[in-house]
Amino acid sequence: MGEIRYIDTRGTVKEPVSFTEAVVHGLAPGGGLFVPESVPELTLDGICALADLPYAQRAARVYRSFGVDLTDAQLEAITTAAYGDNFDDEAICPMTPLPDDVYMLELWHGPTSAFKDMALQCLPRFFSTSAAELRQRGLLSDEHMILVATSGDTGKAALEGFCDVDGVSIGVMYPDGGVSDIQFKQMATQRGGNVRVWGVRGNFDDCQTGAKTVFDDDAFARELHERFGIALSSANSINWGRLMPQIVYYISAYAQLVSDGKVERGAQIDVCVPTGNFGNILAAYYARRMGTPIRRLLCASNENRVLTDFINTGTYDISDRTFVKTPSPSMDILVSSNLERQLFELTGRDADAIAGWMADLKAKRCFKVDRDTFAGMRELYAADSVDNAECLTAIRETFERTGYLMDPHTAVAYKVAEHLREDGVPVVIASTAHWAKFGNNVYRALHAIALDEDLPAEVAALTGCELNKLIASETGATGIPAGLAELDDLPIRFTEVIDGNAEAIKEAVCAFLGHSS
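In my numbering, the protein residues as written are 51 to 567.
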């Protein structure tokens, strides 16, 4: 296979770039997203053979197929370091079977107890190695600042991954009041001399829109270069180096199911993913494109059901849509950035169509795809949403029936899978976070306390860590991750709250870099 290079979804980049360039730049000029020139294909034999390898080697094989222009030694070093003792299960992402041919793909065994670790233990290593390669080739002079918008989990995973990485600073923005107590403490207590965290007045979409505006500001890019010798990049799933590692675990899961005798070789499965920014389910789409026998992609939304409505109507409309805070805050998103990549693929890679739709979304907060693109979405995807009460009920009823305790995001996917799956087709559910990251709402679920009801005073007075211990004692759940259990003992380092507009973000970035330089 020849080297795969990377193009962008809006056609701004006229000459394809290498993998290392795509990772370091993060976002294409003009706001487009990098995708491979062609999607590699794997044989069924090749997919099933991955089960004989440790996870790090499974990842390396998939990465190599995407034209990663690093040496075998570099790639082996990256994957070995990314998927090792930093995970608490040697399988890295084990699967727990539940009744009725349901398999929970547990993506939360990494250092921050969320699925983002599956990519963000790898991306910083890709980034630093790629940046060093480009400097050696004379294609890069600046150091970098990673600017991240998070709805809760990406922030901590990115901070952990880039902590004290040479030549890189990282700043994370989260919606103030819009993350769980545990998520806030994970970010606010982050160690490292090259990190900064800001709360933003607003919701995740304000964080993400502000970040994209800053990325697309040529004058600010020149200012950063001239004042600090710094260029901006991203660790959000708009960076292909963030999204590509997520493809691996869907391919790996299928190989493991066949190896374990759970699925007949070549038989199809469904995959259900709790979906906010569309990156995680898009990775499943690419796994399918590469040859993994995935029948349907089941897109699970919470009450912010913009993706469910889009998949069912072909119209993406947030012009008059209320943003809802839910028990699954990492999915509280209205602008799903990675949908752009999916539409690019479904239009036959029509960059003009994508640029037009994204311009409509920015100007009108709405766009409608053509008939063929809508038909393509309907062929691949089924979608449904779960309201807040149904999410909490799913946690309680599933625990009572199976003994399996899941977080609210996974509960959304579990319930949607019940709604949409077909009898006789095994379903893999992306379990995206350890329940202890969202102990407040897990407690509500287990005790049937509605979101608009007060918790008992003695429970409301507990910290997140104390509440998790109570839940564990009541349920018999074991193994609260050490990184969550220690949070009450760590000092809060970051409490600054800023506005979500581009000027406020630029001011905060410059203040951070000025202090750091």
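Positions of the beta carbon are idealized from the N, C-alpha and C atoms, including for glycine.
Sequence-distant Cβ neighbours of residue 496 in its own chain, meaning closer than 8 Å and more than five residues away, are 445, 446, 449, 521, 524 and 525. Within the region 52-79, the runs of alpha helix (DSSP H) that reach at least 4 residues and sit entirely inside it are, in chain order, 69-75. When the five nearest sequence neighbours on each side are left out, the beta carbons in the same chain lying within less than 7 Å of the beta carbon of residue 131 are those of 175, in order along the chain. Counting along the chain, residue 458 sits inside the alpha helix (DSSP H) bounded by residues 458-470. Put simply, the backbone Cα of residue 167 is about 27 Å away from that of residue 94.
Between residue 553 and residue 261, the alpha-carbon positions lie close to 10 Å from each other. In the structure shown, the three-state DSSP call for residue 332 is helix.
For residue 113, the uninterrupted alpha helix (DSSP H) run begins and ends at 105-115, by DSSP.
DSSP places residue 526 outside both helix and strand once states are collapsed to three, so it counts as coil. A distance below 8 Å separates the beta carbons of residue 287 and residue 329.
Taking C-beta atoms under 8 Å as the contact rule, residue 110 and residue 125 qualify, at a distance of about 5 Å.
The region 232-240 makes contact with the region 539-556, as at least three CB pairs between them are under 8 Å. Secondary structure of residue 297 (DSSP, three-state): helix.
Per the coordinates, the alpha-carbon of residue 414 lies some 10 Å from the alpha-carbon of residue 407. Taking residue 115 as the centre and dropping the five residues before and after it, the same chain places the C-beta of 90 closer than 6 Å to its C-beta, in chain order. Annotation: the continuous alpha helix (DSSP H) that includes residue 406 extends over 401-414. Here DSSP, grouped into helix, strand and coil, assigns residue 346 to strand. The Cβ-Cβ distance between residue 393 and residue 404 falls below 8 Å. Contact fails between the region 497-513 and the region 199-214, because fewer than three Cβ pairs, one in each stretch, are under 8 Å apart. Counting every other CB atom within 10 Å of its CB across the protein chains shown gives residue 233 a total of 16 or more, marking it as buried. Residue 137 and residue 410 have their C-alpha atoms spaced approximately 42 Å apart.
In the DSSP assignment, the residues bridged to residue 155 are 145 and 480. Here residue 488 has 230, 457 and 458 as same chain residues with Cβ atoms under 6 Å from its own Cβ, once five neighbours each way along the sequence are excluded. Between the alpha carbons of residue 387 and residue 361 lies a gap of roughly 15 Å. In this structure the region 157-172 lies against the region 285-301, because at least three pairs of beta carbons, one per stretch, are closer than 8 Å. Residue pairing by DSSP places residue 164 opposite 483 in a beta bridge. Residue range 389-396 is occupied by the alpha helix (DSSP H) that includes residue 393. Secondary structure of residue 514 (DSSP, three-state): helix.
Proximity of the region 246-256 to the region 345-352 falls short of the contact definition, fewer than three beta-carbon pairs being nearer than 8 Å. Residue state for residue 251 is assigned as strand, using DSSP reduced to three classes.
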